[in-house]
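For reference, the structure discussed in these notes is given below.
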Amino acid sequence: MSSDVVLHQWTVSPFCGKVRRMLEAKNIAYRVKNYNGILTTIAPRLSDAGKLPVLDINGKRIADSRVIADYLEVEFNHVSLVPEDAAQRASMNIYQDWADESLYWYNFYFRLNYDEAWEKTVDFFSEGRPAREKLLVRHLGRFQYKRQLVAQGIGRYSKAQVEERFLFLLGQLNETLKDKQWLVGDRMSLADIAVASQLHEVKRTSHLVSTMESFPDVWRWLALNKERGQ
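Okay, so the sequence shown: first residue is 1 according to my numbering, each after it adds one.
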C-alpha cells in the first residue's frame, strides 16, 4: 500500500475539515493540497463528483466526505468511528446528515451575508495566490454562491431569522450534551466529527463566535473535537 496520503481540499470547507479530523482520529499521516484562487476551477476535474474533498490513498482516489468515511472505516478499523450498537449507529447517521445537509447552509449563509466573515473567507481561499486572484474570489465568488443560497431556500430569509434559528439549534445541541462527553455512545464518532466540523467553521469566520461561547456544553464539546494544532 502506498504511504503517500494526499487530501485535496479547501482549507475552510467543513467537509474537508471533517476528513482531516477522521484522518487524525485514525492516526493516518497525510499531506494536503489546497485549491485556492483560480485553482478552484481545477478542483471539479479531480473526480466524477466534481467537488472537494478528494482523498488519494492506497492507490485510490476517493471523493465525497461520506464515501471517504466509509472507506476509512473499513480499511483503517484499528480506531473505529462508528458505534457497534445499531441504535447508536442510526443516531450517528442522523447527526451526520443534519450536519452535512442543514448546518452547512447556516455556515454558508453567515459567510456570504456578513462582510467581515466574507473577507475572512476570501483570505483563506486566496492564501498563497496572486493578489489579482483575491479580487476574483471576492466578487465573482460571492455573486455565484449567493445564488446557491437563494436556490436552496435559506437565502430568502433575513439575517435575524437565520441567526435566531441557528441559535435555537445550538441551544438544543447544548441540552443534548448536558452530562455527556460525546453525541453518541461513550467515545468520539462520526456524529461528533461531522457536527463539530461545521461549527468550527462558523467559529472561524462568523461574528457569532462570542455568542456560541454562551452555550457551555457545546463549547466544552467543541474543544474535544479540535483539529491538531488548533
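Yeah, the Cβ is synthetic: ideal placement off N, Cα and C, and Gly gets one too.
Fill in: Length of the line joining the Cα atoms of R187 and Q181
Position 187 of the sequence shown, counting from 1, holds the residue named residue 187. Position 181 of the sequence shown, counting from 1, holds the residue named residue 181. Approximately 8 Å, taken between the alpha carbons.
Worksheet item: Touch check for the stretch 97-108 and the stretch 121-141: three-plus C-beta pairs under 8 Å?
Response: no
Worksheet item: Which whole-angstrom value describes the C-beta separation of W231 and Y35, a residue pair presumed to lie in contact below a C-beta threshold of 8 Å?
Response: The chain is shown only over 1 to 230; residue 231 falls outside these bounds and no answer can be derived.
Worksheet item: What is the DSSP secondary structure of I38, counted as helix, strand or coil?
Response: Within the sequence shown, the letter at position 38 stands for residue 38. Reduced to three states, the DSSP call for I38 is helix.
Discussion item. Would you call the stretch 58-71 in contact with the stretch 7-21, where contact means no fewer than 3 C-beta pairs closer than 8 Å?
Written reply: yes
Practice prompt. Give the straight-line distance between the Cα atoms of E163 and E116, rounded to the nearest whole angstrom.
Written response: Taking the first residue of the sequence shown as position 1, residue 163 is located at position 163. Taking the first residue of the sequence shown as position 1, residue 116 is located at position 116. Looking at the two C-alpha atoms, the distance is approximately 16 Å.
Worksheet item: What's the call for E213, buried or exposed, on a 16-neighbour Cβ count within 10 Å?
Response: Translated into positions along the sequence shown, residue 213 becomes position 213. Under this definition E213 is an exposed residue.
Worksheet item: With a CB to CB cut of under 8 Å and the five nearest residues on each side skipped, what residues in its chain are close to W219?
Response: As a working mapping, residue 219 is identified with position 219 in the sequence shown. The answer, listed in chain order, is M212, E213.
Worksheet item: Out of I154, L149, W118, which has the shortest C-alpha to C-alpha gap to H139?
Response: Here residue 139 corresponds to residue number 139 of the sequence shown, with the count starting at 1. Residue W118 is the option with its Cα nearest to H139.
Worksheet item: What does a CB cutoff of less than 7 Å around F124 pick up in its chain, not counting 5 residues either side in sequence?
Response: For the purposes of this step, residue 124 is taken as the residue at position 124 of the sequence shown. Around F124: T11, V12.
Fill in: R204 to T121 span [Cα, whole Å]
For the purposes of this step, residue 204 is taken as residue 204 along the sequence shown, with counting starting at 1. For the purposes of this step, residue 121 is taken as residue 121 along the sequence shown, with counting starting at 1. Approximately 9 Å, taken between the alpha carbons.
Practice prompt. Identify, in the order they occur along the chain, each residue of the same chain with its Cβ nearer than 6 Å to the Cβ of E127, setting aside the five sequence neighbours on each side.
Written response: Working through the sequence shown from its first residue, we reach residue 127 at position 127. N36, listed in sequence order.
Fill in: C-alpha gap between M1 and N58, whole angstroms
Residue 1 sits at position 1 when you count from the first residue of the sequence shown. Residue 58 sits at position 58 when you count from the first residue of the sequence shown. Bear in mind that a pLDDT of 41 at M1, under 50, signals an unreliable position, so the number given afterwards is only what the model happens to contain. Computed Cα separation, rounded: 5 Å.
Worksheet entry | Cβ-based neighbour list, P14, same chain, cut-off 7 Å, excluding 5 preceding and 5 following | As a first step, residue 14 must be located in the sequence shown, where it is residue number 14. Cβ within range, chain order: Y104, N107, S197, Q198, E201.
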